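In what follows, a structure is listed as structure tokens, so that the remarks can point back to it.
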Amino acid sequence: MTSRAANEGATNGDRGIGVQNLALSMPMLTTDTPNALQWFERLEAFFDVQATPKSRKAAVLRFYLADDLRQMLPGLGIEAENDYEKIRQTLLGYLHEDSTGIVARNSFFTRRQQEEERLQTFMAHLRILCARAFPSLEKKEQSEEDFLRRIVTGDEVWFRHYDPESEQQSRQWKHVNSPRPKRARLEPRLGKILATIFWDAEGILLIDYMEDGGTITGKYYANLLLQLREEIKEKRRGKLSRKVLLLHDNAPAHRAKVALAAIQQCGFGQIDHRPYSPDLTPSDYFLFGNLKQHLRGTVFNDDNEPKSAVQDYFNSRDKNFFFNGLMNLKSRCERCKEVEGQYI
């Protein structure tokens with residue numbers, strides 16, 4: 000097959016990655032099963048590879064089309080050889096074969112804009128899959144509240160010794176002839192601390208502050224998860240017996256083998272979360288935003304002062320504050336599906 004023929008095929012809609020084509024070819028791949036999401040996640044890893052040689056990209060994709068794909072499909076309940084070939088041919092829309100083997104289609108590697116558009120479409124589809132997974136998990140519970148109370152979510156956040164007020168916060172009434180109010184300027188010398196915060200529908204479970212100059216590794220995060228389990232055992236009686244659902248992002252430390260082993264050891268389940276989706280992460284769209292808004296404009300002289308301020312803020316919130324933050328996740332997932340995976 001020539002490059003021209005391959006491009007014509009893509010134009011006619013019977014080739015190209017187009018996740019719509021993939022979904023039409025095998026609807027089972029768009030279900031909410033963990034295996035389906037795992038397969039999409041593996042395929043997504045290929046698209047995250049940027050600026051690699053064409054031959055390497057072709058070899059990587061060939062691996063997915065041959066070995067990995069054939070291994071994953073039985074886990075989805077797909078045994079028939081013709082179903083395997085149907086999905087394989089859909090993915091082969093990126094490539095064409097000639098006498099030298101699999102060669103990347105020119106349009107895929109030379110037209111960066113086209114590549115980015117396809118990647119965005121693919122990522123949007125992955126976001127929709129995770130948005131669908133949320134209500135499917137919820138249906139297994141007796142009530143929406145029971146489901147939300149099983150969730151434990153967490154993420155990392157930086158706290159600066161000084162974060163200037165936003166323009167809206169700094170507004171104040173003044174006489175037309177009065178001088179403009181002076182605003183403090185952020186000084187680069189002021190420090191910052193990194194915190195990892197886990198919380199649920201009832202409040203804060205664990206706050207861990209990284210030592211100066213430290214790095215959150217897979218091993219470090221695994222130890223945090225073990226600490227988290229002990230905190231849940233002490234502060235939320237009966238929660239572990241209902242099986243905790245852990246919702247966190249896909250940071251490298253969170254995906255490390257040692258961290259995944261710790262999740263299994265703790266007996267936690269997981270709610271799938273797509274990369275680059277802060278709008279579907281309760282800590283990002285709710286908790287940290289409100290907290291930082293409260294701390295803006297305050298000057299801290301050392302690391303202990305912001306720690307105390309953070310604790311005081313959380314102590315002043317009632318349980319409804321945290322529960323409402325998780326409640327918003329359902330409406331955001333619904334909105335994500337309505338806008339076909341675009342950011343909200």
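Note that numbering that gives the first Met the number 0 numbers the sequence shown so that position 88 is 87, with each residue one more than the last. Glycine residues also receive a C-beta, built at the ideal position from the N, C-alpha and C atoms. All values derive from a computational prediction rather than experimental measurement.
In the structure shown, what three-state DSSP assignment does residue i receive?
{"i": "G202", "result": "strand"}
{"i": "V257", "result": "helix"}
{"i": "Y284", "result": "helix"}
{"i": "I215", "result": "coil"}
{"i": "I231", "result": "helix"}
{"i": "Y161", "result": "strand"}
{"i": "Q341", "result": "coil"}
{"i": "A250", "result": "coil"}
{"i": "L189", "result": "coil"}
{"i": "K145", "result": "According to the sequence provided, residue 145 is Asp. The question's Lys does not apply to it. It is helical."}
{"i": "D278", "result": "helix"}
{"i": "D317", "result": "coil"}
{"i": "G324", "result": "helix"}
{"i": "R236", "result": "coil"}
{"i": "I101", "result": "Only weak support is given to the placement of I101: the predicted model assigns it a pLDDT of 40, under 50, and the question is left unresolved by the model."}
Could you give the C-beta distance for residue i and residue j, rounded to a whole number, given that I count them as a contact under 8 angstroms?
{"i": "A221", "j": "V257", "result": "5 angstroms"}
{"i": "H160", "j": "F299", "result": "4 angstroms"}
{"i": "A200", "j": "F158", "result": "With 8 angstroms as the limit, A200 and F158 do not qualify as a contact, their Cβ atoms being about 24 angstroms apart."}
{"i": "I150", "j": "D302", "result": "Rounded, the Cβ-Cβ distance is 30 angstroms, inconsistent with contact."}
{"i": "L294", "j": "C335", "result": "In fact, because the Cβ distance is near 29 angstroms, the residues do not count as touching under 8 angstroms."}
{"i": "D271", "j": "P277", "result": "D271 to P277, Cβ: 16 angstroms. No contact."}
{"i": "R228", "j": "C265", "result": "4 angstroms"}
Which residue wins for smallest C-alpha separation from residue i, given the options the options?
{"i": "S240", "options": "D162, F267 and H247", "result": "F267"}
{"i": "R148", "options": "V243, K234 and T195", "result": "V243"}
{"i": "P251", "options": "K329, L205, E144 and E155", "result": "E155"}
{"i": "L245", "options": "K329, T152 and T195", "result": "T152"}
{"i": "D145", "options": "N249, Q341, K238 and C265", "result": "K238"}
{"i": "D224", "options": "Y342, F285, A260 and K318", "result": "Residue identity check: residue 224 is Leu in the sequence provided, not Asp. Nearest C-alpha to L224: A260."}
{"i": "R235", "options": "A255, I203 and Q263", "result": "I203"}
{"i": "I262", "options": "K218, F285 and L286", "result": "K218"}
{"i": "L205", "options": "E337, Q226 and N319", "result": "Q226"}
{"i": "P281", "options": "A255, Q341, R331 and T297", "result": "R331"}
{"i": "K360", "options": "Q341, E229 and L286", "result": "With the chain covering only 0 through 343, there is no way to say anything about residue 360."}
{"i": "D248", "options": "Q269, G296 and M209", "result": "Q269"}
{"i": "M209", "options": "L189, I231, K306 and Q341", "result": "K306"}
{"i": "D162", "options": "E230, E233 and G190", "result": "G190"}
{"i": "I231", "options": "Q341, W198 and D207", "result": "W198"}
{"i": "E143", "options": "T297, Q341 and K329", "result": "K329"}
In the DSSP output, what is residue i paired with across the bridge?
{"i": "P194", "result": "Sequence inspection shows Ala at residue 194; the Pro mentioned does not correspond to that position. BP columns for A194 point to V156 and Y208."}
{"i": "G268", "result": "L244"}
{"i": "I150", "result": "L244"}
{"i": "V298", "result": "Y161"}
- Is the region 208-228 touching the region 317-328, taking contact as three or more C-beta pairs under 8 angstroms? Under the three-pair Cβ rule at 8 angstroms, the region 208-228 does not count as touching the region 317-328.
Touch check for the region 288-299 and the region 308-317: three-plus C-beta pairs under 8 angstroms?
-> Touching, yes.
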